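Protein chains in written order, with this note's numbering: chain V, 1 to 178; chain P, 1001 to 1284.
Even glycine gets a Cβ: it sits at the ideal position worked out from N, Cα and C.
From a predicted model like this one, the values you see are computed outputs, not experimental measurements.
Encoded as structure tokens, the structure appears first; notes follow it.
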Amino acid sequence: MTTRARIGAAADEHGERLLVWLPRLRRYARALVGRREDADDLVQDTLERAWSREDRWQAVADMRAWLFSIMHNLHVDGARRARLPLVELDESAAELPAPPPAEPLAVRDLQAALERLPVEQKEVLLLVALEDMSYADAARALGIPIGTVMSRLARGRERLRALMDGRSEPARLKVVKG
Amino acid sequence: MSGAPITEADLHAWLDGQLGAERAQEIEGYLAERPEEAARLATYRRQTRELRALFDPVLDEPLPARLRAAARPAGRFGAAWRAAAAVALLVGGVAAGWLLRGSVEARGLGAPFASSGGAAAGDRNSLARRAAVAYAVYSPDQRRAVEVGAEHEDQLVAWLTKRMGAPMKAPHLQALGYGLEGGRLLPGGQGPVAQFMYRDAGGARLTLYVSNEPAAAGRHGAGPSARVRSAPEVPAAFQFSREGTVNVLTWAEGSFAYAVASDAGRDELARVSTEVYRQLGPAR
């Protein structure tokens, strides 16, 4: 009985630990995926995956990097695998009214430009811009070397600038040594 | 100045506040002499600001219930209520099994499946019946309700996909209060059938039975979207039946036939089935 109570308390605590990150996982997913439903699906998958690995939580030093790495893996898997057709459907989507064009034009442009970034550049850019992640944390979350984080960030920012300027190709960057 | 060459990476690290004070000063000196570069970095800084302006409002949105549930242990199988749920399930399960037994005998399930003829309605009934029997047999089982547990969901899905010869996926029903417990492979009328088992916070179980013998659920004229439009709550092609104490909702979609079985009420089944349909529905 005491063991049970302990497990229950630990689970509650873990739930709180996840809940804390929920808004930020949603913000990032929305920027990454675009559509609200799809983004929330990704968040839900992330939470479920996190729970399925509850036994490892003790060893997780940086919960944020861990959760974002789960989301990254799920997103990459989902994008790469020609998506099981079963996952795709969102019947209600076709009937949802288009979002009201409330945002100013420039903001819509930014979102459109963001959607045209290669996913690996977009991920780095968003982790740094939205999450204010250090390059080291972003490297951990994405499972890539820190040098790769920096080069993707540079390329992503420049491409975004080019897209916003209406240029199709980014200006050539100076060669980065090292 | 340290004199170390200033790279593109340094400029970004400066922008993101990831440099030490001394190095940051060097960058600032460098930029002061290069207005074009400074302007480019100012653009990057503006990007960050605009991204925040665009997406920060998400932080203040009310959290969807399904995500709240998925984040909380309550939506899962917390330990606190487990003992009580076990007793309830045992009693409920035995009762369900007993009552179902009567219904099965009455309908002659004991006889070979040859009796189901081949007419669409008969097939549909046999689908509902098989789903109900599978529910009644496995749902009361505390220790071995599933063959592969939800903690191995990836393996479960890969395995069922392979054995069924078609992509399988366990719908996520957390938002409705049901956690995936796992699944198993069962013999259907002509081949394998997949059964996914779910459990709610009170310990009540619910199964999704998936067959890729399309005849099993009969044929429907209306396309899926037409169905949903005509009745947004419950697609018209959902067919409800009651097998003993087990309630079953069946429908067909593409080359699949589905049955959701539970001893929950009809409305609850419709709610769950609608969500399952939404997640798995018209695939191809």
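Of the candidates GLU37/V, LEU163/V, ARG17/V and ARG159/V, ARG17/V places its Cα closest to the Cα of LEU67/V. Of ALA1166/P, GLU1243/P, ARG1130/P and LEU1186/P, the smallest CA-CA separation from VAL1146/P is found for LEU1186/P. Residue burial annotation: PRO1035/P is exposed, with fewer than 16 other C-beta atoms found within 10 angstroms of its C-beta. Around the CB of PRO1171/P, 16 or more other CB atoms lie within 10 Å, so the residue is classed as buried. Judged by DSSP in its simplified three-state form, ALA1259/P adopts strand. Per DSSP, reduced to three states, the secondary structure at LEU1249/P is strand. By the Cβ-count criterion, ALA1150/P is buried, with 16 or more other Cβ atoms from all chains shown falling within 10 Å of its own Cβ.
Boundaries of the alpha helix (DSSP H) harbouring GLY147/V: 146–164, taken from the DSSP string.
Against TYR1044/P, the close residues of chain V are ARG157 and ARG161, in the order they occur along the chain (beta-carbon pairs closer than 8 Å). Near chain V, meaning a CB-to-CB distance below 7 Å, no residue of the region 1196–1212 of chain P qualifies.
By the C-beta criterion, the region 1127–1142 of chain P is judged to be in contact with the region 1187–1200 of chain P, since at least 3 inter-stretch pairs fall below 8 Å. Counted as a single uninterrupted DSSP element, the alpha helix (DSSP H) harbouring VAL128/V occupies residues 119–129. The C-alpha of ASP41/V is placed about 25 Å away from the C-alpha of GLY156/V.
Along the region 1003–1064 of chain P, the alpha helix (DSSP H) occurs as fully enclosed runs of 4 or more residues at 1008–1015, 1021–1032, 1035–1055 and 1057–1060, listed in sequence order. Closer than 8 Å at the C-beta level to chain P, one finds no residue of the region 67–78 of chain V.
Per DSSP, reduced to three states, the secondary structure at MET71/V is helical. For ALA154/V, the chain P residues whose C-beta falls within less than 7 Å of its own C-beta are GLU1008, ALA1009 and HIS1012, listed in chain order. Taking a contact to require three or more Cβ pairs closer than 8 Å, the region 1199–1212 of chain P and the region 1262–1278 of chain P qualify as touching. Taking a beta-carbon distance threshold of 8 Å, ARG1163/P does not count as an interface residue toward chain V. If you check each beta-carbon in the region 39–68 of chain V against every beta-carbon of chain P, the ones closer than 7 Å belong to ASP40, VAL43, GLN44, LEU47, GLU48, TRP51 and SER52. Positions of the alpha helix (DSSP H) runs, each at least 4 residues long and wholly inside the region 36–67 of chain V, are given as 36–52 in order along the chain.
Comparing C-alpha distances from ARG1163/P to each of GLU1268/P, ASP1200/P, LEU1019/P and ASN1212/P shows the shortest one belongs to ASN1212/P. Contacts with chain P at 8 Å (Cβ-Cβ) include GLN111/V. For PRO1064/P, at least one C-beta of chain V is nearer than 8 Å to its own C-beta. When Cβ-Cβ separations below 8 Å define contact, PRO118/V makes no contact with chain P. Inclusion of LEU110/V and MET164/V in the CB contact set at 8 Å is warranted, their separation being smaller than that value. Beyond the five residues adjoining it in sequence on each side, GLN1279/P comes within less than 6 Å, by CB distance, of PRO1171 in the same chain, given in chain order.
Nearest neighbour of LEU1051/P by Cα position, chosen from ALA141/V, ASP132/V and ALA39/V, turns out to be ASP132/V.
Inter-residue distance for ALA136/V and ALA1013/P is about 11 Å (C-alpha atoms, whole angstroms). GLN1195/P is classed as buried because its beta carbon has at least 16 other beta carbons within 10 Å across all chains shown. Here ALA1194/P is bridged, per DSSP, to LEU1185/P and VAL1210/P. According to the DSSP assignment, SER1241/P belongs to the beta strand (DSSP E) that extends over 1239–1243.
The distance from the Cβ of ALA113/V to that of LEU160/V is about 6 Å, consistent with a contact at the 8 Å cut-off. In chain order, LEU1051, ARG1052 and PHE1055 make up the part of chain P whose C-beta sits under 7 Å from the C-beta of LEU130/V. Counting C-beta atoms within 10 angstroms of its own C-beta, GLU37/V has fewer than 16 neighbours from the protein chains shown and is therefore classed as exposed.
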